[in-house]
Amino acid sequence: MPEKYPFTRRRRSVFHSVKPTQISARILRESSREKPADAVLRETLKRTRDLAPFDATEISKTVFAYFRWRGWLDAEKTIETQIPRALELASRFHRDPFSFPLEELRAKVVPNWISDEIEISDNWLRALQTEPKLWLRAKRGHGIDLAKKFGDCRVFSEVFSDTLEYFGEMDLFRTPEFHAGEFELQDISSQAVGLICNPKSGETWWDACAGEGGKLLHLSELMENKGLIWAGDRAGWRLQKLKRRTARAKVFNYRSTIWDGGAKLPTKTKFDGVLVDAPCSGIGTWQRNPHARWTLTSQDVKELSAIQMQLLSNAAATVKPGGKLIYSVCTLTQSETNKIADEFESRFPDFKPLRVENPLCGEASKSARIWIWPQDCGGNGMFIAIWEKTAK
Numbered sequence: 000m001p002e003k004y005p006f007t008r009r010r011r012s013v014f015h016s017v018k019p020t021q022i023s024a025r026i027l028r029e030s031s032r033e034k035p036a037d038a039v040l041r042e043t044l045k046r047t048r049d050l051a052p053f054d055a056t057e058i059s060k061t062v063f064a065y066f067r068w069r070g071w072l073d074a075e076k077t078i079e080t081q082i083p084r085a086l087e088l089a090s091r092f093h094r095d096p097f098s099f100p101l102e103e104l105r106a107k108v109v110p111n112w113i114s115d116e117i118e119i120s121d122n123w124l125r126a127l128q129t130e131p132k133l134w135l136r137a138k139r140g141h142g143i144d145l146a147k148k149f150g151d152c153r154v155f156s157e158v159f160s161d162t163l164e165y166f167g168e169m170d171l172f173r174t175p176e177f178h179a180g181e182f183e184l185q186d187i188s189s190q191a192v193g194l195i196c197n198p199k200s201g202e203t204w205w206d207a208c209a210g211e212g213g214k215l216l217h218l219s220e221l222m223e224n225k226g227l228i229w230a231g232d233r234a235g236w237r238l239q240k241l242k243r244r245t246a247r248a249k250v251f252n253y254r255s256t257i258w259d260g261g262a263k264l265p266t267k268t269k270f271d272g273v274l275v276d277a278p279c280s281g282i283g284t285w286q287r288n289p290h291a292r293w294t295l296t297s298q299d300v301k302e303l304s305a306i307q308m309q310l311l312s313n314a315a316a317t318v319k320p321g322g323k324l325i326y327s328v329c330t331l332t333q334s335e336t337n338k339i340a341d342e343f344e345s346r347f348p349d350f351k352p353l354r355v356e357n358p359l360c361g362e363a364s365k366s367a368r369i370w371i372w373p374q375d376c377g378g379n380g381m382f383i384a385i386w387e388k389t390a391k
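Residue numbers are given in numbering that gives the first Met the number 0: position 189 of the sequence shown equals residue 188, and the series is strictly consecutive.
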């Protein structure tokens, strides 16, 4: 669930008897490793039908501020007492990020074990304490027109003109443009993955870990809804959500299938391109989802890296000679990025690193391994590795 809810601002309902702070405190008490705060928040807001949009925004910001500033809070005090302190710290940081000494940020922003996996930079720490941006992906060639129509939008760049930062207060999910499939809510770093894949019209691709289909929708648009995309995932309920999203976006060039990541592949088809957007520790999303900082463990990273290697190794068998294999994860640990790429290249010498342009930086940044940090462009942290299968 995005932290920045696109609700329309309204005066609080005088009929609403429960204060937002009470609801926020209840969400915080219910949140745990097994019940992530974003999921508890989403379900609570769904159940609280008489909640005014302004209050929903306030609750969302309160919950995320609490976890973002948890390192400064006194756990001995009640949650109701800690909440004002968290909001005070968030307000202070917004006014002056440099009022927090770097030594203090290093000690309190992330768990200690993360330094074994990531080279912690000052800019990354400050980015983690900044409220995330809300990004839209407009239909190809329509970004500037959509920005003018909505207002409160910033086009990312002249060459990235369909990527918009939205900072208004409309409920975008209720707009006619959303229901007509004119745009998607998609983080800018995820949009970069689709552009790095660079699928062509008429090709055959496999989105091996498609989930609910955010990247598949982008691949289809880049392919002009032509050719074919296979969508794989181990969870049938995710593929059902994908089905609803593709219907709204008028995406028809795909078929879905269950794939558990094992050696038994869902098809004998050989693909022009395979995207393995693997499940990961999600450290690249810690700006947007600060609760995860305090539930993830180093053991989780180790277990996930084994799953990633399995997925990538098995999916590689479906790439045709001359085809591309793209590995992407919204995390920044060495165990899930460079170590995976290094091991894959040592085990599969018929896949050669393919240097491509980072669409967020331009021609000067060509590489076969691309890192995107939150401080780079205001999106999630992301790692992408690209290979080409040599012709036999």
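We treat Cβ as the ideally placed atom computed from N, Cα and C, and that holds for glycine.
**OP:** Within 10 angstroms of the Cβ of Y4, are there 16 or more other Cβ atoms? Answer buried if so, exposed if not.
**Re:** Start at 1 with the first residue of the sequence shown, and residue 4 comes out as number 5. Bear in mind that the predicted position of Y4 carries a pLDDT of just 33, short of 50, making it unreliable; the figure below should be weighed with that in mind. It is buried - the Cβ of Y4 has at least 16 other Cβ atoms within 10 Å.
Original post:
Just the Cα atoms here: how many angstroms apart are F270 and W205?
Top reply: Residue 270 sits at position 271 when you count from the first residue of the sequence shown. Residue 205 sits at position 206 when you count from the first residue of the sequence shown. In a straight line, the C-alpha of F270 is about 7 Å away from that of W205.
Original post:
Would P373 be called buried (16 or more neighbouring beta carbons within 10 Å of its own) or exposed?
Top reply: Indexing the sequence shown from 1 puts residue 373 at position 374. It counts as buried.
Subject >> Which listed residue (L145, V192, A74 and L238) has its alpha carbon closest to that of G392 >> reply: Here the chain has residues from 0 to 391 only, and residue 392 is not among them.
Original post:
What separation, rounded to the nearest whole angstrom, lies between the Cα atoms of P265 and I383?
Top reply: Indexing the sequence shown from 1 puts residue 265 at position 266. Indexing the sequence shown from 1 puts residue 383 at position 384. Taking the straight line from one Cα to the other gives about 24 Å.
Subject >> For S188, the three-state DSSP class (helix, strand or coil) >> reply: Taking the first residue of the sequence shown as position 1, residue 188 is located at position 189. If DSSP states are grouped into helix, strand and coil, S188 belongs with the helices.
Original post:
Does DSSP put D232 in a helix, a strand or coil?
Top reply: For the purposes of this step, residue 232 is taken as residue 233 along the sequence shown, with counting starting at 1. Here D232 sits in strand by DSSP.
**OP:** Tell me where the alpha helix (DSSP H) around P19 begins and ends.
**Re:** Taking the first residue of the sequence shown as 1, we reach residue 19 at position 20. Segment P19 to E29, the alpha helix (DSSP H) holding P19.
Original post:
Do you know whose CA, among K249, A277, I195 and A248, lies nearest G231's CA?
Top reply: Translated into the one-based positions of the sequence shown, residue 231 becomes position 232. Comparing Cα-Cα distances from G231 to each of K249, A277, I195 and A248, the minimum goes to A277.
**OP:** Go ahead and pull the three-state DSSP assignment for W372.
**Re:** What you label residue 372 is simply residue 373 of the sequence shown in a count that begins at 1. Coil.
Original post:
For the putative contact between P19 and E57, defined by C-beta atoms under 8 Å, what is the C-beta separation to the nearest angstrom?
Top reply: Working through the sequence shown from its first residue, we reach residue 19 at position 20. Working through the sequence shown from its first residue, we reach residue 57 at position 58. At roughly 5 Å, the Cβ-Cβ gap stays under 8 Å, so P19 and E57 are in contact.
Subject >> Cα-Cα separation, R10 to P52 >> reply: The residue labelled residue 10 in the question sits at position 11 within the sequence shown. The residue labelled residue 52 in the question sits at position 53 within the sequence shown. Residue confidence for R10 is low, a pLDDT of 39 falling below 50, so the modelled location carries little weight and cannot support an answer.
Original post:
Taking Cβ to Cβ, would you say S280 is nearer than 8 Å to T336?
Top reply: Within the sequence shown, numbered from 1, the residue matching residue 280 stands at position 281. Within the sequence shown, numbered from 1, the residue matching residue 336 stands at position 337. No. Outside cutoff.
Original post:
Over what stretch of residues does the beta strand (DSSP E) that includes G322 continue unbroken?
Top reply: Stepping through the sequence shown from its first residue, residue 322 is reached at position 323. G322 -> beta strand (DSSP E) spans V318 to V328.
Subject >> The beta strand (DSSP E) enclosing V275, as first and last residue numbers >> reply: Within the sequence shown, residue 275 is the residue found at index 276, counting from 1. Note, V275: beta strand (DSSP E), F270 to D276.
Subject >> Endpoints, beta strand (DSSP E) assigned at V300 >> reply: For the purposes of this step, residue 300 is identified with residue 301 of the sequence shown, where counting begins at 1. Unbroken run through V300 is the alpha helix (DSSP H), S297 to A314; no beta strand (DSSP E).
Original post:
Between the C-alpha atoms of K107 and R69, what's the straight-line distance to the nearest angstrom?
Top reply: In the sequence shown, the residue the question calls residue 107 occupies position 108. In the sequence shown, the residue the question calls residue 69 occupies position 70. In a straight line, the C-alpha of K107 is about 8 Å away from that of R69.
Subject >> CA-to-CA distance, R136 to F182, given in whole angstroms >> reply: In the sequence shown, the residue the question calls residue 182 occupies position 183. In the sequence shown, the residue the question calls residue 136 occupies position 137. Between F182 and R136, the C-alpha separation is close to 5 Å.
Original post:
Is R237 helix, strand or coil when you go by DSSP?
Top reply: In the sequence shown, the residue the question calls residue 237 occupies position 238. Here R237 sits in helix by DSSP.
Original post:
Near E342, which residues of its chain fall below 8 Å by C-beta distance, leaving aside the five closest residues on each side in sequence?
Top reply: Numbered from its first residue, the sequence shown carries residue 342 at position 343. Excluding residues within five positions, the ones whose Cβ falls inside 8 Å are M308.
Original post:
Using a Cβ-Cβ cut-off of 6 Å (strictly less than) and excluding sequence neighbours within five positions of L44, which residues of its own chain qualify?
Top reply: Reading the sequence shown from its first residue, position 45 is the one you call residue 44. Hits under 6 Å: A55.
Original post:
Between L215 and the rest of its own chain, which residues show a CB-CB distance below 8 Å, the 5 nearest in sequence each way excluded?
Top reply: Along the sequence shown, read from residue 1 onward, the residue named residue 215 stands at position 216. Closer than 8 Å at Cβ, skipping near neighbours: D206, A209, I228, A230, L241, T245, V250 and Y253.
Original post:
Would T162 pass as a contact of I143 if the rule is Cβ separation under 8 Å?
Top reply: On the sequence shown, residue 162 is found 163 positions in, with the first residue counted as 1. On the sequence shown, residue 143 is found 144 positions in, with the first residue counted as 1. Result no, Cβ atoms of T162 and I143 do not sit closer than 8 Å.
Original post:
Which residue or residues does DSSP assign as beta-bridge partners of T162?
Top reply: The residue labelled residue 162 in the question sits at position 163 within the sequence shown. R136, per the DSSP bridge assignment.
Original post:
L437 and L104: beta carbons closer than 8 Å?
Top reply: In the structure as shown, the chain starts at 0 and stops at 391, and residue 437 therefore has no counterpart that could be examined.
Original post:
So is G201 in contact with chain C if we call contact Cβ pairs under 8 Å?
Top reply: Protein chains in the displayed structure number just one, and chain C is not present.
Original post:
Nearest to V328 by alpha carbon, out of E176, V275 and P83?
Top reply: In the sequence shown, counting from the first residue as 1, residue 328 sits at position 329. Nearest option by C-alpha distance: V275.
Subject >> V355 - partner residues in DSSP beta bridges >> reply: For the purposes of this step, residue 355 is identified with residue 356 of the sequence shown, where counting begins at 1. V355 is bridged to S366.
**OP:** Can you say whether A316 is buried or exposed, counting buried as having 16 or more other CB atoms within 10 angstroms of its CB?
**Re:** The count along the sequence shown starts at 1 and reaches residue 316 at position 317. Answer is exposed; the Cβ neighbour count stays below 16.
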